[in-house]
Amino acid sequence: MDALVAQLGDEVQDVDEETFDIFSQPFSMEDLGMLDPKATVLDITIAGRDFEITQSPGLLQSSRNGGTTGAALWQSTFRCAEWLASPTNFLYTSGILDSGSSVLELGAGVSGILPCILASHIRKVVATDQSYTLKALQSNIDLNARSNRTTNKVKDCNIEVCPLDWEKDDVAGFLHAHDFQGGFDAILACDCIYNYALIEPLVQTCADLCRSRNRDDHRTVKRPTICVVVQQLRQAEVFEQWLSAFHNLFRSWRVPSDLLPRDLQEDSGFAVHVGVLRSR
Numbered sequence: 001m002d003a004l005v006a007q008l009g010d011e012v013q014d015v016d017e018e019t020f021d022i023f024s025q026p027f028s029m030e031d032l033g034m035l036d037p038k039a040t041v042l043d044i045t046i047a048g049r050d051f052e053i054t055q056s057p058g059l060l061q062s063s064r065n066g067g068t069t070g071a072a073l074w075q076s077t078f079r080c081a082e083w084l085a086s087p088t089n090f091l092y093t094s095g096i097l098d099s100g101s102s103v104l105e106l107g108a109g110v111s112g113i114l115p116c117i118l119a120s121h122i123r124k125v126v127a128t129d130q131s132y133t134l135k136a137l138q139s140n141i142d143l144n145a146r147s148n149r150t151t152n153k154v155k156d157c158n159i160e161v162c163p164l165d166w167e168k169d170d171v172a173g174f175l176h177a178h179d180f181q182g183g184f185d186a187i188l189a190c191d192c193i194y195n196y197a198l199i200e201p202l203v204q205t206c207a208d209l210c211r212s213r214n215r216d217d218h219r220t221v222k223r224p225t226i227c228v229v230v231q232q233l234r235q236a237e238v239f240e241q242w243l244s245a246f247h248n249l250f251r252s253w254r255v256p257s258d259l260l261p262r263d264l265q266e267d268s269g270f271a272v273h274v275g276v277l278r279s280r
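Residue numbering for the sequence shown follows UniProt numbering, beginning at 1 and increasing consecutively.
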């Protein structure tokens with residue numbers, strides 16, 4: 001943790017100041033941030049690896065209760081995947097993630113590119129979202145993990161897909177049902193903050209997942225779970241409400257530009273924050 005904090009620099013102290021600073025940056029938002037909302041199949045390349053992603057334009061445009069944003073691939077996920085693919089990512093160089101680590105992704109959507117990228121770096125990836133995304137998510141993971149397994153050392157069966165609804169599901173029950181009581185080294189959320197109503201459930205889910213990582217069976221203290229939040233900057237009011245809720249429960253840092261690729265740095269229209277659950 002000391003190495004991580006040293007790299008991240010100054011902790012966020014004031015929510016209003018952080019919001020003002022971020023939204024004072026000169027960036028343009030030309031669209032909502034989907035890579036191509038009309039395409040049924042996307043062919044993309046990340047760090048030399050080819051991916052074929054099937055998404056659902058029809059579902060995206062439907063009026064399904066509970067939202068449809070998971071039906072498409074978003075810029076934030078694509079940019080985060082490129083960042084996580086780099087061996088110089090500070091999560092790897094600081095020792096937060098290594099070949100024995102586990103990561104849970106919240107709001108994974110259908111693409112599966114983050115689990116596929118992470119799977120070649122760590123021991124276990126759990127991709128979660130509402131049930132409506134899971135069939136397509138599993139299909140995309142199966143296709144792309146299989147096609148990259150030989151050349152990129154993606155391990156068999158180290159990606160698991162599970163339903164997790166922040167508004168409805170009990171986190172303790174979820175962890176017990178899937179035998180995840182030991183918790184995770186990191187929680188990852190990409191572009192999950194776009195709706196006032198989802199902010200409190202999302203932040204509480206992050207906190208509950210982080211609290212599960214207390215002690216192992218030998219009663220030795222584990223390193224705390226790191227919560228990584230990547231988002232496209234859209235509405236200052238939504239961002240501020242999220243950060244206020246997050247800051248109440250987590251020590252928070254904005255990842256500095258020198259630790260990020262150009263597409264996630266200041267003035268890019270995106271921001272990356274890291275949180276560590278506060279001690280009670």
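Where is the CB? At the ideal position from N, CA and C, for every residue including glycine.
Rounded to the nearest whole angstrom, the C-alpha separation of Gln204 and Val171 is 9 Å. Exclusion of the five residues before and after Phe246 leaves Val203, Ser252, Gly275 as the residues of its chain whose Cβ lies within less than 7 Å of its Cβ. For Thr45, the enclosing beta strand (DSSP E) starts and ends at 41-46. In the three-state reduction of the DSSP assignment, Ser102 falls in the strand class.
Bridge partners of Glu160 according to DSSP: Val126. Exposure of His176 is indicated by the presence of fewer than 16 other C-beta atoms within 10 angstroms of its C-beta.
Per DSSP, the unbroken beta strand (DSSP E) holding Asp50 starts and ends at 49-54.
Membership of Trp253 in the beta strand (DSSP E) is indicated by the continuous run 250-254.
Arg211 places its beta carbon less than 9 Å from that of Leu277. In terms of Cβ geometry, Lys124 and Val110 do not form a close pair [threshold 9 Å].
When the Cα atoms are used, Cys206 and Asp43 turn out to be separated by approximately 32 Å. CA-CA distance, Cys227 to Arg254, rounds to 12 Å. Cβ-Cβ distances below 8 Å link His178 to Val126, Glu160, Cys162 in the same chain, with the five nearest sequence neighbours on each side left out; the list follows chain order.
Going by C-alpha positions, Phe20 is about 24 Å away from Ala6. Beta-carbon to beta-carbon, Cys190 and Thr77 are separated by about 5 Å, close enough to satisfy the 8 Å threshold. Each residue's CA atom was taken as its position, placing Leu4 and Phe90 some 8 Å apart. CA-CA distance, Leu188 to Glu105, rounds to 5 Å.
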